[in-house]
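Have a look at the structure below, then the notes.
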Amino acid sequence: SPTSARHHARTSAQRHTMSSIGTGYDLSAGTFSPDGRVFQVEYAAKAVENRGTAVGIVCKDGVVLGVEKLILSKMLMEGSNKHIFSVDEHAGLACSGLVTDARQIVNRARAEARSHRSAYGEDIPGRVLNERIGSFYHVYTLYGHVRPFGCSVLVGVYDCDGPKLYMAEPSGVSYEYTACAAGKGRQIAMTKLEKLKVGEMTCREAAVEVAKIIYEAHQEMKDKDFELELSWICDESNKVHCFVPQDVYDDAVQKAKAALEEDDSEDEDEDEDVE
Amino acid sequence: MSRLASNSFVAAGPEAPCFGLDATPATGADEVKTGTTIMAVEFDGGVVVGADSRTSTGGYVANRVSNKITPVTEHIYCCRSGSAADTQAISDYVRYYMDMYENTSGEEPEVKVAAHLFRSLCYNNKDNLMAGIICAGWDKRNGGSVYSIPIGGAVVKQPFTIGGSGSGFIYGYCDANYRANMTRDECAQFVKNAISLAMSRDGSSGGVIRIAVIDKDGVHREVVYGNQLPQFHDSY
Numbered sequence: 508s509p510t511s512a513r514h515h516a517r518t519s520a521q522r523h524t525m526s527s528i529g530t531g532y533d534l535s536a537g538t539f540s541p542d543g544r545v546f547q548v549e550y551a552a553k554a555v556e557n558r559g560t561a562v563g564i565v566c567k568d569g570v571v572l573g574v575e576k577l578i579l580s581k582m583l584m585e586g587s588n589k590h591i592f593s594v595d596e597h598a599g600l601a602c603s604g605l606v607t608d609a610r611q612i613v614n615r616a617r618a619e620a621r622s623h624r625s626a627y628g629e630d631i632p633g634r635v636l637n638e639r640i641g642s643f644y645h646v647y648t649l650y651g652h653v654r655p656f657g658c659s660v661l662v663g664v665y666d667c668d669g670p671k672l673y674m675a676e677p678s679g680v681s682y683e684y685t686a687c688a689a690g691k692g693r694q695i696a697m698t699k700l701e702k703l704k705v706g707e708m709t710c711r712e713a714a715v716e717v718a719k720i721i722y723e724a725h726q727e728m729k730d731k732d733f734e735l736e737l738s739w740i741c742d743e744s745n746k747v748h749c750f751v752p753q754d755v756y757d758d759a760v761q762k763a764k765a766a767l768e769e770d771d772s773e774d775e776d777e778d779e780d781v782e
Numbered sequence: 117m118s119r120l121a122s123n124s125f126v127a128a129g130p131e132a133p134c135f136g137l138d139a140t141p142a143t144g145a146d147e148v149k150t151g152t153t154i155m156a157v158e159f160d161g162g163v164v165v166g167a168d169s170r171t172s173t174g175g176y177v178a179n180r181v182s183n184k185i186t187p188v189t190e191h192i193y194c195c196r197s198g199s200a201a202d203t204q205a206i207s208d209y210v211r212y213y214m215d216m217y218e219n220t221s222g223e224e225p226e227v228k229v230a231a232h233l234f235r236s237l238c239y240n241n242k243d244n245l246m247a248g249i250i251c252a253g254w255d256k257r258n259g260g261s262v263y264s265i266p267i268g269g270a271v272v273k274q275p276f277t278i279g280g281s282g283s284g285f286i287y288g289y290c291d292a293n294y295r296a297n298m299t300r301d302e303c304a305q306f307v308k309n310a311i312s313l314a315m316s317r318d319g320s321s322g323g324v325i326r327i328a329v330i331d332k333d334g335v336h337r338e339v340v341y342g343n344q345l346p347q348f349h350d351s352y
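In the order they appear, the protein sequences are chains A and B.
Going by the numbering used here, the first sequence opens with residue 508, and the numbers climb by one from there.
Going by the numbering used here, the second sequence opens with residue 117, and the numbers climb by one from there.
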């Protein structure tokens with residue numbers, strides 16, 4: 508009953524120390540606040556803001572995706588717990604936020620891509636896939652008995668119109684971008700991305716830029732260890748989504764670390780410290 | 117929603133009106149001669165599709181001016197041979213799916229998508245259908261394309277293709293006279309000649325020749341009446 512919900516909300520609100528609390532209108536996604544906000548959706552976005560950064564860039568010959576995957580234990584096998592997934596041959600997805608929620612999105616995206624191919628005999632176009640993913644996210648913001656997804660996904664697609672990048676957020680909003688980022692280092696990443704001329708880059712160059720941005724964004728969470736995941740769909744990979752070849756990865760990591768050293772170093776003489 | 121010219125028949129039993137291939141009823145009675153000649157040719161920038169206009173039930177011509185060329189989208193048409201009911205139902209489904217596709221993706225589908233849908237329907241329901249379809253049209257990525265979907269539900273892309281009972285009489289003519297890279301008008305004349313020859317030899321094909329030329333600007337339809345058909349010999 509409404510009275511008991513309000514009573515419960517008041518006591519739980521008193522326990523919060525954050526300033527942007529809903530005070531009784533934030534218990535379910537099925538409730539608007541008086542100023543027209545759905546707090547559960549905003550809280551879901553917070554789940555993304557506290558997690559590893561994901562970055563995507565559209566280049567002239569493809570799309571590059573990168574994720575700062577925080578490592579919670581030294582005993583974790585390298586390469587496990589991936590945050591980048593293939594949706595179809597021509598489409599890949601990188602996530603920031605709760606990776607387990609992202610896996611549900613990936614499953615749905617894969618099913619949509621498969622069903623489009625089965626019905627129409629062609630690769631699902633990026634804008635169709637993007638709309639399906641956005642709609643799927645949105646459904647979970649309508650009802651009180653489910654919660655919104657706590658992840659943002661960057662979807663890179665190379666379809667018959669060329670390379671495309673989309674980002675879908677917990678609210679269900681999903682736009683097309685030339686470059687975008689999600690997660691803790693989003694602001695830093697967006698600032699750096701705006702300065703790049705992404706349309707003139709090749710994927711090899713963009714891979715390095717993505718790595719640099721993620722290494723720099725990681726400074727926000729310096730105390731935790733991380734692994735960079737880098738993937739692309741480009742002419743070089745025959746328009747198939749895959750993790751970048753080892754040499755491209757090593758080169759990108761090396762240059763990213765060197766760029767950090769350059770920034771940190773105040774000396775005129777810079778040593779290219781290759782680790 | 118159908119934009120077909122109405123062939124208003126009730127299709128039932130072995131005497132069902134069809135245009136297409138011969139059908140022998142299980143009773144072993146006289147063959148039900150059904151017939152059609154359909155054709156499509158690709159040129160740089162579009163396709164020309166053509167068909168005769170005879171629908172026969174046994175020896176009776178039920179419709180001598182029927183329209184066997186049916187729109188699926190603005191730039192994709194299909195030529196229908198076989199059972200009228202089956203091909204009308206299939207093309208209605210494909211038109212519906214293409215409409216959905218255009219609504220959700222914001223773009224007109226490519227010819228190969230329409231051909232894929234025709235093939236899915238024809239193959240998955242092969243036990244219950246008698247339909248030989250030619251799907252041809254124009255899309256901005258591939259230009260003109262012609263796909264043949266014969267009975268059974270195979271799909272094959274070809275520079276030109278012929279179908280229906282009348283086609284058997286003109287394979288030689290077509291093979292001898294087709295050239296790659298013909299212009300639009302040469303293709304149209306090729307189609308008119310071939311269908312005219314088929315109509316003069318196949319009892320189940322006749323009437324007028326209907327032509328549709330499809331390019332980026334849309335469709336231009338033409339009719340060649342009986343007294344204007346290309347002639348190949350004055351007296352015989």
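Ideal Cβ positions, reconstructed from N, Cα and C, are used throughout, including at glycine.
Looking at the structure shown, is residue i part of a helix, part of a strand, or coil, going by DSSP?
| i | result |
| --- | --- |
| B/Ile249 | strand |
| B/Gln274 | strand |
| B/Asp255 | strand |
| A/Ala763 | helix |
| B/Leu237 | helix |
| A/Asp668 | coil |
| B/Lys149 | Legend: pLDDT at B/Lys149 = 36, less than 50; position of this residue unreliable, no value from coordinates given. |
| B/Ala292 | helix |
| B/Ala205 | helix |
| A/Val631 | Note that residue 631 of chain A corresponds to Ile in the displayed sequence, not to Val. Residue state, collapsed to three classes: coil. |
| B/Asn343 | helix |
| A/Lys702 | helix |
| B/Gly260 | strand |
| A/Tyr809 | Since the first residue of chain A shown is 508 and the last is 782, residue 809 of chain A is not available in this structure. |
| B/Asn179 | strand |
| A/Phe656 | coil |
| A/Asn686 | Just to set this straight, residue 686 of chain A is Ala in the shown sequence, not Asn. A/Ala686 falls in the strand class under three-state DSSP. |
Taking 9 Å as the threshold (beta carbon to beta carbon), is residue i in contact with chain A?
| i | result |
| --- | --- |
| B/Arg257 | yes |
| B/Pro187 | no |
| B/Ser236 | yes |
| B/Ser221 | yes |
| B/Asp146 | Only weak support is given to the placement of B/Asp146: the predicted model assigns it a pLDDT of 34, under 50, and the question is left unresolved by the model. |
| B/Glu224 | no |
| B/Ala231 | yes |
| B/Tyr209 | no |
| B/Lys228 | yes |
| B/Tyr213 | yes |
| B/Tyr217 | yes |
Taking 9 Å as the CB-CB limit, is residue i close to chain B?
| i | result |
| --- | --- |
| A/Arg621 | no |
| A/Ala598 | no |
| A/Ala626 | yes |
| A/Gln521 | At A/Gln521, the pLDDT of 47 sits below 50, so the modelled position is not reliable; the number obtained from the coordinates is stated separately. A/Gln521 does not count as touching chain B. |
| A/Cys602 | no |
| A/Cys566 | no |
| A/Cys749 | no |
| A/Cys667 | yes |
Here's the rule: buried if 16 or more other CB atoms are within 10 angstroms of the residue's CB, otherwise exposed. What is residue i?
| i | result |
| --- | --- |
| B/Asn183 | buried |
| B/Arg326 | buried |
| B/Arg257 | exposed |
| B/Gln204 | buried |
| A/Phe656 | buried |
| A/Thr464 | Missing from the structure shown is residue 464 of chain A; chain A here goes from 508 to 782 and no further. |
| A/Lys576 | buried |
| A/Ser625 | exposed |
| B/Thr140 | In this prediction, B/Thr140 scores a pLDDT of 42, lower than 50, which makes its location untrustworthy; the coordinate-derived value is nonetheless stated afterwards. Exposed. |
| A/Gln547 | buried |
| A/Asn588 | exposed |
| B/Thr299 | exposed |
| B/Phe306 | buried |
| B/Pro187 | buried |
What residue does the beta strand (DSSP E) around residue i start on, and which one ends it?
| i | result |
| --- | --- |
| B/Val329 | Ile325 to Asp331 |
| B/His61 | Limits of chain B in this structure are 117 at one end and 352 at the other, which puts residue 61 of chain B out of reach. |
| A/Leu600 | Ala598 to Gly604 |
| B/Arg196 | Ile192 to Ser199 |
| A/Lys719 | Run containing A/Lys719: none in the beta strand (DSSP E); it sits in the alpha helix (DSSP H), Cys710 to Ala724. |
| B/Ile154 | Ile154 to Phe159 |
| A/Ile591 | Ile591 to Asp595 |
Would you give the residue range spanned by the alpha helix (DSSP H) that residue i belongs to?
| i | result |
| --- | --- |
| A/Leu649 | A/Leu649 -> no alpha helix (DSSP H), and no H or E assigned at all. |
| A/Leu737 | Counting along the chain, A/Leu737 falls outside any alpha helix (DSSP H), though it belongs to the beta strand (DSSP E) covering Asp732 to Cys741. |
| B/Thr308 | It is worth fixing the name first, because residue 308 of chain B is Lys in this sequence and not Thr. Arg300 to Arg317 is the extent of the alpha helix (DSSP H) around B/Lys308. |
Inset, instruction - Scan the segment 628-654 of chain A for residues whose Cβ lies nearer than 8 Å to a Cβ of chain B and list them as they occur along the chain. - result: Gly628, Glu629, Pro632, Arg634, Val635 and Glu638
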